[in-house]
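Report on the following structure.
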Amino acid sequence: MENNTKGFWNNLKEKNNRFRSKHFDLSEEAKFRFDILNYKTDGMIFVTTVLIVPFILALMIWLINPDYKEGFQILYIVSVCIGLIFSCIRNNAGIFKEGYLWIYLFILGPQLASVIVSIFVSIFVKITEENKEAINSFASIITMFITEITIIALVLKYDRKIPKRIKETFKKNWKEVIFISLIGVVLLFVFVNLIITNLIETKLFGFEGSNNQESLNGSGILDGDFGNGAKIAYIILLFLFSIITAPLCEEICMRNSFNLNASNKLLGFVSSAMFFGFVHYGTTFDFGHILSYSAAGFVLSGVFLYTKGNMTYSWTIHILNNLIAFILMLAI
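Quick note on this note's numbering: the sequence shown kicks off at 140 and runs consecutively.
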């Protein structure tokens, strides 16, 4: 009986591997490598500095003094910078070429961009109590937009594998892209949005909308008295950010670059999923939505792992999911 069961699972595993090879294999130049670094040293240093330490710090500060967000941001930056220094020392040759840097830029970039945006706002914009929230919403989304455009530009210049992988996938496996994208969107909508967000977080625990989603909704811009010009400008900016730049940049950084640095399939799968959740709730101490954002991360990371490290699939899922959310936001 035991031998029959073992044989069944081995046979199923072989069929699954053949299926994946048939539908998701790419040329050697475009293939993703999960073991490019030593996960026991490089991978653990990376995961510890960008996820484990920041998560513990965020949780402790949230429990002790939830108003200490600025202090957490400083500690978060210090932890990530330590990881970046180790990466530069140990793997300097691949920082740009292999794509180790992108995840670090995704975390640290907004800090620099926010300084530039703040200076611009202080010089050219008159801030009042009435428009303060609206200006902060514009400034926040512009900061992330600048960061992500910069990362995408650097990837196109230095990282030749990602564009090649995407082009080859759309050319060779476009049917698989459509199929996997539809499955992924259904999983996100049914499992994450309906079950976890609506049933568990909202109805069972009574949590309101996430801070991340509220900030994207414009803090009253769309339903406030700011004039049609401001509303149209914000809608256009939000579309460019949430549909065009954010899905691509987040998948480059949180799937491709993260797994390169982790350099282990299991470590990369779990930690990249948790990190995706953390960047959406951790910095604002919005732990009430840890389940929904982490679950979304596991869906996208699972797709990335199953398709042999091809972020094209998780990217298209991410686009469709954000597009649906964008349309629903405008409709409601």
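Just so it is clear, CB atoms sit at the ideal spot from N, CA and C, and this is done for glycine as well.
{"Item": "Between Ser257 and Ile360, how many whole angstroms is the CB-CB distance? I'm expecting something under 8 Å.", "Value": "Not really, about 19 Å apart at Cβ, beyond 8 Å."}
{"Item": "Compare the C-alpha of Glu167 against each of Leu321, Ile266, Gln250, Lys300 and name the closest.", "Value": "Lys300"}
{"Item": "Pull up the CB-CB distance for Ile200 and Phe211, whole angstroms please, since I reckon it's below 8 Å.", "Value": "5 Å"}
{"Item": "Starting from the N-terminal side, write out each stretch of the beta strand (DSSP E) that is 3 residues or longer and does not extend beyond the region 388-415.", "Value": "none"}
{"Item": "What is the DSSP secondary structure of Ile86, counted as helix, strand or coil?", "Value": "For residue 86 there is no data in the structure shown, the boundaries of the chain being 140 and 471."}
{"Item": "Using 10 angstroms around the beta-carbon of Asn312, count the other beta-carbons present and answer buried if the total reaches 16, otherwise exposed.", "Value": "buried"}
{"Item": "Roughly how many whole angstroms lie between the Cα atoms of Val325 and Asp206?", "Value": "37 Å"}
{"Item": "What residue range is occupied by the uninterrupted alpha helix (DSSP H) comprising Val438?", "Value": "429-445"}
{"Item": "By how many angstroms is the C-alpha of Ser410 removed from the C-alpha of Ala292?", "Value": "26 Å"}
{"Item": "Taking only runs of the alpha helix (DSSP H) that begin and end inside the region 296-362, which ones reach a length of at least 4 residues, in chain order?", "Value": "300-311, 313-326, 350-355"}
{"Item": "Using the three-state DSSP reduction, which class does Ala464 fall into: helix, strand or coil?", "Value": "helix"}
{"Item": "Whose C-beta lies closer than 7 Å to the C-beta of Met450 among residues of the same chain, with five residues either side of it excluded?", "Value": "Glu390, Ile391, Arg394, Asn395, Phe443"}
{"Item": "Which of the three DSSP states is assigned to Glu237 in this structure?", "Value": "coil"}
{"Item": "Please report the straight-line C-alpha distance between Ile339 and Ile203, rounded to a whole angstrom.", "Value": "26 Å"}
{"Item": "Quick check on Phe378: does DSSP put it in helix, strand or coil?", "Value": "helix"}
{"Item": "I want to know whether the region 208-228 touches the region 429-439 - three or more CB-CB distances under 8 Å.", "Value": "no"}
{"Item": "If we ignore side chains and look at the alpha-carbon of each, how far apart do Asn461 and Ile375 end up?", "Value": "14 Å"}
{"Item": "Taking the alpha carbon of Leu165 as the point to measure from, which residue in Tyr420, Thr308, Lys314, Glu347 has its own alpha carbon closest?", "Value": "Thr308"}
{"Item": "Can you name, in chain order, every residue of its own chain whose Cβ lies under 7 Å from the Cβ of Trp454, other than the five neighbours on each side?", "Value": "Pro386, Leu387, Glu390"}
{"Item": "Under DSSP, the alpha helix (DSSP H) around Ser104 begins and ends at which residues?", "Value": "The structure shown does not extend to residue 104, since the chain is modelled only from 140 through 471, so no value can be given for it."}
{"Item": "Could you give the distance in angstroms between the alpha-carbon of Ser261 and the alpha-carbon of Tyr373?", "Value": "19 Å"}
{"Item": "Looking only at its own chain, which residues have a Cβ that is under 8 Å from the Cβ of Cys227, when we skip the five neighbours before and after it?", "Value": "Ile234"}
{"Item": "Which stretch, first to last residue, makes up the alpha helix (DSSP H) that contains Ile383?", "Value": "It is not in any alpha helix (DSSP H) - Ile383 carries neither H nor E in the DSSP assignment."}
{"Item": "For Phe382, tell me which candidate among Ile288, Ile213, Phe163, Ile221 has the shortest Cα-Cα distance.", "Value": "A quick correction: the sequence has Ile, not Phe, at residue 382. Measuring from the Cα of Ile382, the nearest candidate turns out to be Ile288."}
{"Item": "Within the same chain, show all residues whose beta-carbon is closer than 8 Å to that of Phe415, passing over the 5 residues directly before and after it, in chain order.", "Value": "Glu389, Met393, Tyr432, Ser433, Ala435, Gly436, Leu439, Ser440"}
{"Item": "Taking C-beta to C-beta, are Tyr420 and Ile319 nearer than 8 Å?", "Value": "no"}
{"Item": "Could you tell me the boundaries of the alpha helix (DSSP H) in which Phe194 lies?", "Value": "192-203"}
{"Item": "Roughly how many angstroms separate the alpha carbons of Lys271 and Lys370, rounded to a whole number?", "Value": "15 Å"}
{"Item": "In terms of residues, what are the limits of the alpha helix (DSSP H) holding Ile184?", "Value": "183-186"}
{"Item": "What's the C-alpha gap between Glu153 and Lys447?", "Value": "15 Å"}
{"Item": "How long is the line joining the alpha carbons of Leu343 and Trp148, rounded to whole angstroms?", "Value": "37 Å"}
{"Item": "What's the call for Thr93, buried or exposed, on a 16-neighbour Cβ count within 10 Å?", "Value": "Missing from the structure shown is residue 93; the chain here goes from 140 to 471 and no further."}
{"Item": "Which residue wins for smallest C-alpha separation from Ile473, given the options Val294, Thr144, Ser253, Ile290?", "Value": "It is not possible to answer for residue 473, since the shown part of the chain is limited to 140 through 471."}
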